[in-house]
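A short write-up of the structure that comes next.
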Amino acid sequence: MSSGARSRADSARILGQLLAGKGSLTSLLPQTGEQPDAALVQEMCFGVCRYYFALRQLIDEQLSKPLRAKDRDIDGLLLTGAYQIFCMRIPDHAAVNETVQAASLLKKPWARGLLNGVLRKLSAAEPRWQQLLETGPEPVRLLHPQWLIDRIRSDWPDHWQDILAAGNLRAPMTLRVNRLKTSVEDYLAALSTAGIAAHRGRFAASCLYLEAPGPVDRLPGFRAGLCSVQDEASQLVPGLLELAPAQRVLDACAAPGGKTAHCLESEPSLTSLTAVDIDARRARSIEENLRRLELHAELKVADAADTDSWWDGQPFQRILLDAPCSATGVIRRHPDIKLLRTPAEVEHLAVRQQELLQRLWACLEPGGLLLYTTCSLLKQENQATIARFLERTADAKHQAIEADWGLECEFGRQLFPDPEGSDGFYYAVIRKSGAAGRFHENYHSRR
Ligand SMILES: C[S@@+](CC[C@H](N)C(=O)[O-])C[C@H]1O[C@@H](n2cnc3c(N)ncnc32)[C@H](O)[C@@H]1O
Numbered sequence: 353m354s355s356g357a358r359s360r361a362d363s364a365r366i367l368g369q370l371l372a373g374k375g376s377l378t379s380l381l382p383q384t385g386e387q388p389d390a391a392l393v394q395e396m397c398f399g400v401c402r403y404y405f406a407l408r409q410l411i412d413e414q415l416s417k418p419l420r421a422k423d424r425d426i427d428g429l430l431l432t433g434a435y436q437i438f439c440m441r442i443p444d445h446a447a448v449n450e451t452v453q454a455a456s457l458l459k460k461p462w463a464r465g466l467l468n469g470v471l472r473k474l475s476a477a478e479p480r481w482q483q484l485l486e487t488g489p490e491p492v493r494l495l496h497p498q499w500l501i502d503r504i505r506s507d508w509p510d511h512w513q514d515i516l517a518a519g520n521l522r523a524p525m526t527l528r529v530n531r532l533k534t535s536v537e538d539y540l541a542a543l544s545t546a547g548i549a550a551h552r553g554r555f556a557a558s559c560l561y562l563e564a565p566g567p568v569d570r571l572p573g574f575r576a577g578l579c580s581v582q583d584e585a586s587q588l589v590p591g592l593l594e595l596a597p598a599q600r601v602l603d604a605c606a607a608p609g610g611k612t613a614h615c616l617e618s619e620p621s622l623t624s625l626t627a628v629d630i631d632a633r634r635a636r637s638i639e640e641n642l643r644r645l646e647l648h649a650e651l652k653v654a655d656a657a658d659t660d661s662w663w664d665g666q667p668f669q670r671i672l673l674d675a676p677c678s679a680t681g682v683i684r685r686h687p688d689i690k691l692l693r694t695p696a697e698v699e700h701l702a703v704r705q706q707e708l709l710q711r712l713w714a715c716l717e718p719g720g721l722l723l724y725t726t727c728s729l730l731k732q733e734n735q736a737t738i739a740r741f742l743e744r745t746a747d748a749k750h751q752a753i754e755a756d757w758g759l760e761c762e763f764g765r766q767l768f769p770d771p772e773g774s775d776g777f778y779y780a781v782i783r784k785s786g787a788a789g790r791f792h793e794n795y796h797s798r799r
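Terminal number for the sequence shown in this note's numbering: 799, no gaps in between.
So this is what it looks like as structure tokens:
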């Protein structure tokens, strides 16, 4: 069997599992890991999710009845075949042949006739495809689920169309230069010498955009920690935290450690940085990232809200709560969110975010600052969460973010996904009333 058929079968298996609710692209794609066609499998899986609602409509128009739940892999093959026909530069006959052959690899040779019939019809359906993208129902035309279209339109009546359009694009590859080891200028020169075109970010001083994405091993000094891959929006965090020497800092939801590392790179004279994450596997990636960058943090695998289980009682001067969220600001990087996320999940996340805020507040020193961030675009997880928290917490004061980026909201600041720039991201700064540093002074004078 050809490697072409194998990559179609791999994509179909992954998409079948995704459609069955058995994982995300992030959890399912590594199965293809080192295989030579991993890049093609990734392209097809990401592409199918990006265009899912239009591909679905076109395929359903060709099927007399839906496929059975146990044949979701065949559904995955139909989607993979349709994506190749409409969105990839693969000749239609090759796309159809390789996809039909893949049915045998899935041990479902009975499906060859079905696949052949549907995909051949689709290869003559370019006008219908264009028509759907221009005038189809909203989810088909805008390539997002209806509930999310409704939510974004209602939250951002002046921006919703641009937000949805940006969510359908491919994200740029963005780097954070480790300014403990090199300067942005020197690193730009090193990239240029390596034949990699790049330009500076618009808001974050450490940020570089690559003109074209590529493997990290091609980046000069990547293994030695000269740079990391991180979106520009995330790189605004250390500045907003107002880091200074001798602070005790908590990063409450830290894995895989992008912001932990950036805080340490930005302010190397912190007294300590404690990085907490609930997920042991993800927490290991903090360790790996810090090792590569030669940085150090106190790592704890724990539910950050269960402060009794991990906190030694010494207050922090700075807390970053990069909360678990719907990730609706990073759909272009994780297009499977369009298929996986539900309104019920958003409800659940909002409850969790509130709980984390309230429990972590006790760990903040009077005068200290908590930065709440999400990569969500939904007000329920952002402004509404902060408004509710401020209402219930007498010693919490919202601090406006003065900046030349994003949209100033009643509480916090919102960045929308920018086709050539940052992801969608939300930030709110909350200050705890009381004398700054009083705990710190008392604590040290007692010792
Ligand atoms: C948005 S990601 C954090 C990204 C990270 N700050 C970075 O910049 O690399 C959210 C993280 O929160 C973790 N998480 C979710 N619930 C948590 C909880 N109750 N306590 C601690 N970590 C939690 C997840 O495992 C996930 O790694």
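Virtual Cβ for every residue (Gly too), placed ideally from N, Cα, C.
Within 10 Å of its beta-carbon, does residue i have 16 or more other beta-carbons around it, so buried, or fewer, so exposed?
i	result
Ser-506	exposed
Trp-499	exposed
Gln-513	exposed
Phe-791	With a pLDDT of 49 at Phe-791, under the threshold of 50, the modelled position of this residue cannot be trusted, and the question is left open.
Arg-358	buried
Val-781	buried
Arg-744	exposed
Ala-714	exposed
Glu-717	buried
Gly-373	exposed
Arg-365	buried
Arg-575	exposed
Gly-547	exposed
Ala-696	exposed
Ala-557	exposed
Gly-758	buried
Ala-541	exposed
Gln-436	buried
Taking a contact to mean a Cβ-Cβ separation below 8 Å, would you say residue i touches residue j in this structure?
i	j	result
Arg-625	Val-601	Strictly speaking, residue 625 in this sequence is Leu, with Arg absent from that position. Yes, they are a contact pair.
Gly-591	Val-682	no
Gly-368	Arg-402	no
Ser-363	Cys-397	yes
Leu-767	Glu-733	no
Ala-406	Leu-485	yes
Pro-771	Ala-518	yes
Ala-476	Arg-464	no
Glu-619	Ala-604	no
Leu-430	Val-470	yes
Leu-673	Leu-712	yes
Ser-661	Ser-728	no
Leu-370	Leu-377	yes
Gln-599	Gln-710	no
Asp-629	Ala-657	no
Leu-593	Cys-615	yes
Thr-725	Val-589	yes
Ile-501	Pro-489	no
Can you tell which of the options has its C-alpha closest to the C-alpha of residue i?
i	options	result
Gly-764	Gly-465, Lys-731, Arg-693, Gln-582	Lys-731
His-445	Ala-455, Ser-456, Gly-433	Gly-433
Leu-691	Glu-743, Gly-399, Gln-599	Gly-399
Glu-450	Arg-360, Pro-718, Leu-381, Arg-480	Arg-360
Trp-815	Arg-480, Ile-426, Leu-495, Phe-438	Because the chain here runs from 353 to 799, residue 815 falls outside it and cannot be looked at.
Asp-756	Leu-543, Arg-464, Asp-747, Phe-555	Phe-555
Ile-515	Val-703, Tyr-779, Ile-504	Ile-504
Ser-535	Leu-642, Arg-552, Lys-460	Arg-552
Ile-738	Arg-685, Ala-390, Glu-707, Ala-787	Glu-707
Ser-774	Cys-559, Gly-719, Leu-616	Cys-559
Pro-667	Lys-784, Tyr-539, Glu-395, Leu-543	Lys-784
Leu-467	Gly-428, Pro-524, Tyr-724	Gly-428
Gly-721	Thr-680, Leu-415, Gln-705, Ala-787	At residue 721 the sequence reads Leu, which differs from the Gly that was named. Leu-721 has its Cα closest to that of Ala-787, out of Thr-680, Leu-415, Gln-705, Ala-787.
Ser-544	Pro-491, Arg-570, Leu-521	Arg-570
Gln-387	Thr-487, Ala-542, Gly-356	Gly-356
Glu-623	Glu-640, His-648, Asp-631, Arg-643	Position check: residue 623 holds Thr in this sequence, whereas Glu was assumed. Taking only the C-alpha atoms, the option nearest Thr-623 is His-648.
Q) Are the segment 519-537 and the segment 568-584 touching, with three or more C-beta to C-beta distances below 8 Å? A) yes
Q. Counting pairs of Cβ atoms below 8 Å between the segment 604-615 and the segment 561-575, do you hit three or more?
A. no
Q) Touching or not, the segment 627-637 and the segment 647-666, by the rule of three or more beta carbon pairs under 8 Å? A) yes
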